[in-house]
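First residue of the sequence shown: 1, per full-length UniProt numbering; consecutive thereafter. Scroll down for the structure; my scribbles are underneath it.
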Amino acid sequence: MSTEAHKPSHPDSVRKNNQALLGRNKKDESAVNRLPAEILSSIMLIGIEYDQKIWRWESRDVRSQQIASHVCRHWRNVAINTPMLWTFIHIISTAPDEHTSLYLTRAGSVTLLDIAIDLIVSFDTYERPRLEGVTESFESLQPEVDSHEHLEEFERILHTLDTQGAKTSRWRSLLVRTGDIDSRKLSGLIACIGESPAHSLQQLRFDYHPKNHSRGSLGVARSNYLVPENPCAFLASLSSSLRCLELVFPYQYPFGSNWAFTKLKELTILSRFLGPVELSTLLSSNPQLESLCIGDGDQPSGPFTSLRQWRHSSPQQTEAPSLRSLSIHIHNDIDARWVLNMLGTFKATGLRRFALAYGNNLAIRRLLTDSRGDPLYPSIQSLDVSAFMCDIRQCIELISSFPQITHLVMREQQLLLMNEALWVLPPLEFLGVIDVTVQAKALESFLSIQTDAGSPPIKEVEVRGCRLKLRTGSPRFRGSTASAALAAYDYYYRDEDKIIGDFQSLERRSASSSKLR
């Protein structure tokens with residue numbers, strides 16, 4: 001090799017390169033500064049939309065609003081004069097901070113707001129004063145913040161928002177995440193909101209996340225407590241405005257004539273107190289419904305009191321012409337019978353995405369075929385079995401029921417099972433494995449075995465922290481140890497190899513979409 005290649009660059013050459021680089025940077029900055037305010041503000045709003053997604057499912061540390069106003073003077077002027085940029089009000093402290101007040105001022109007095117409140121983080125980060133003379137081990141035995149404190153803090157947050165101009169009448173969406181909290185106090189959270197009109201509210205999400213939630217399970221613990229009348233009346237008042245309703249609660253709630261929703265596009269209810277008749281009514285009143293998630297908790301507590309409500313109910317099948325996504329969360333055989341009753345209430349011939357979360361023995365085909373053995377959902381293209389705790393027989397039975405799927409989401413254990421039954425897999429365009437990294441031997445083995453078997457390569461693979469996309473040209477090998485299967489992919493997205501946020505959220509996100517976004 002020539003020694004010329006190892007000679008250091010001349011200082012004059014380095015200086016010229018740096019000057020050229022600075023010149024290009026200034027030119028690029030000048031080009032950005034020449035962007036019309038309408039285009040630049042639209043770019044900024046994309047960041048805010050992304051923040052709302054990752055705030056819910058991943059990190060609470062979202063900064064697009066602050067960054068947009070600190071890039072340069074031009075960006076700051078555009079950001080401050082774009083009210084929509086400041087409508088995402090996210091609260092994770094025990095009270096709204098100075099940023100909340102600043103955002104509300106910049107949002108103006110009439111723009112609709114998106115409110116997100118995380119009571120879990122509020123109290124997980126709450127520091128109690130250390131008692132003098134008390135040992136740390138004794139302090140650890142002190143009771144944690146109780147549910148009454150959660151309710152009081154929530155009331156203070158609502159009061160502060162109200163005094164700062166964020167009245168409930170301006171809310172476009174509300175997300176409240178709660179942890180271990182007494183059922184009666186949890187229903188009190190709804191009653192607090194219902195004290196003032198919220199006629200502009202289009203999205204309402206109450207997500208319950210118990211601290212003792214076990215890894216790999218879904219849903220909520222059951223309770224026989226019923227929602228009192230006031231919260232139900234508040235929900236009924238939203239019947240004509242809500243587009244998205246998500247209720248994940250540790251207790252039952254009655255559904256009756258006051259649940260006259262007519263504009264829903266997304267519906268998530270984890271409660272078996274919702275029976276076939278009520279579901280049929282909701283579907284017939286909302287023919288535009290696109291996404292449905294139903295199910296029950298993951299901690300059975302004996303015979304369920306509401307069985308009598310739906311056991312003898314047999315409504316006629318309701319057409320769900322717009323339904324594209326269906327997620328089912330069930331735990332035991334009683335739940336399975338409930339699901340069979342629920343699925344028998346509607347027809348969704350245009351269904352595209354199906355997710356099943358289940359952890360017991362079940363005759364899968366009873367869920368997926370009619371009395372003649374024909375598939376209930378012939379148009380399904382995306383299947384999520386990542387929360388389906390199954391053996392190889394059940395896995396084969398489930399996947400073989402959807403020979404037309406092109407998107408499949410699973411876990412590492414199921415991926416290993418599929419190595420023994422590749423014949424059951426249809427040609428896939430997308431594979432998601434939610435609990436492995438790209439370095440996992442299971443992934444490399446699966447892709448290699450699939451290639452050796454002559455199956456067409458999967459176009460896109462998504463794992464924790466990485467997304468792979470099949471290269472159109474010839475494979476480029478990344479080192480001598482990389483397999484030919486992995487070498488055929490480009491790594492076009494990379495993040496830390498860890499899950500940010502709680503595992504339950506990740507699972508429910510996966511079960512509600514065709515990809516792990």
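For each residue, glycine too, the CB sits at the ideal point set by N, CA and C.
- Shown here for leucine 468: same chain residues with a beta carbon closer than 8 Å to its own, the five before and five after excluded, namely Val438, Glu460, Val461, Glu462, Leu486, Tyr489, Asp490, Tyr491 and Tyr492 in chain order.
- By the C-beta density criterion, alanine 233 is exposed, having fewer than 16 other C-beta atoms within 10 angstroms.
- Within the same chain, Cβ atoms closer than 6 Å to the Cβ of phenylalanine 388 are found at Leu356 and Tyr358, the five residues on either side in sequence being excluded.
- Exclusion of the five residues before and after proline 456 leaves Pro427 as the residues of its chain whose Cβ lies within less than 7 Å of its Cβ.
- Residue environment analysis places glycine 295 among the buried positions, since at least 16 neighbouring C-beta atoms fall within 10 angstroms of its C-beta.
- Between the alpha carbons of glutamate 195 and valine 110 lies a distance of about 20 Å.
- Glutamate 98 counts as exposed, since fewer than 16 other beta carbons sit within 10 angstroms of its beta carbon.
- Collapsing the DSSP output to three states places lysine 53 in a helix.
- Judged by their CB atoms, leucine 422 and glutamine 450 are nearer to each other than the 8 Å cut-off.
- CA-CA distance, glutamate 155 to cysteine 192, rounds to 7 Å.
- Under DSSP, glutamate 319 takes part in a beta bridge, and its partners are Lys347.
- Valine 176 sits in a strand when the DSSP states are folded into three classes.
- The criterion of a C-beta distance shorter than 8 Å is satisfied by proline 375 and leucine 368.
- Histidine 407 has Ser382 and Phe430 as its beta-bridge partners, per DSSP.
- For phenylalanine 446, the three-state secondary structure derived from DSSP is helix.
- Distance from the CA of glycine 350 to the CA of aspartate 452, rounded to the nearest whole angstrom, comes to 35 Å.
- Counting along the chain, alanine 107 sits inside the alpha helix (DSSP H) bounded by residues 98–107.
- Secondary structure note for valine 461: it is in no alpha helix (DSSP H), and the uninterrupted beta strand (DSSP E) holding it is 460–463.
- Burial check for histidine 199: the Cβ neighbour count within 10 Å stays below 16, so the residue is exposed.
- Annotation: the continuous alpha helix (DSSP H) that includes leucine 398 extends over 392–400.
- Around proline 96, the same chain offers Thr160 as residues with beta carbons nearer than 6 Å, after the five sequence neighbours per side are excluded.
- Sequence-distant partners of aspartate 370 (beyond 5 residues in either direction) whose C-beta falls short of 8 Å from its own C-beta, in its chain, are Leu376.
- In the DSSP secondary-structure assignment, alanine 116 is bridged to His90 and Leu175.
- Spatial neighbours of arginine 170 in its own chain (CB-CB distance under 7 Å, excluding positions within 5 residues in sequence) are listed in chain order as Leu112, Leu113 and Ser200.
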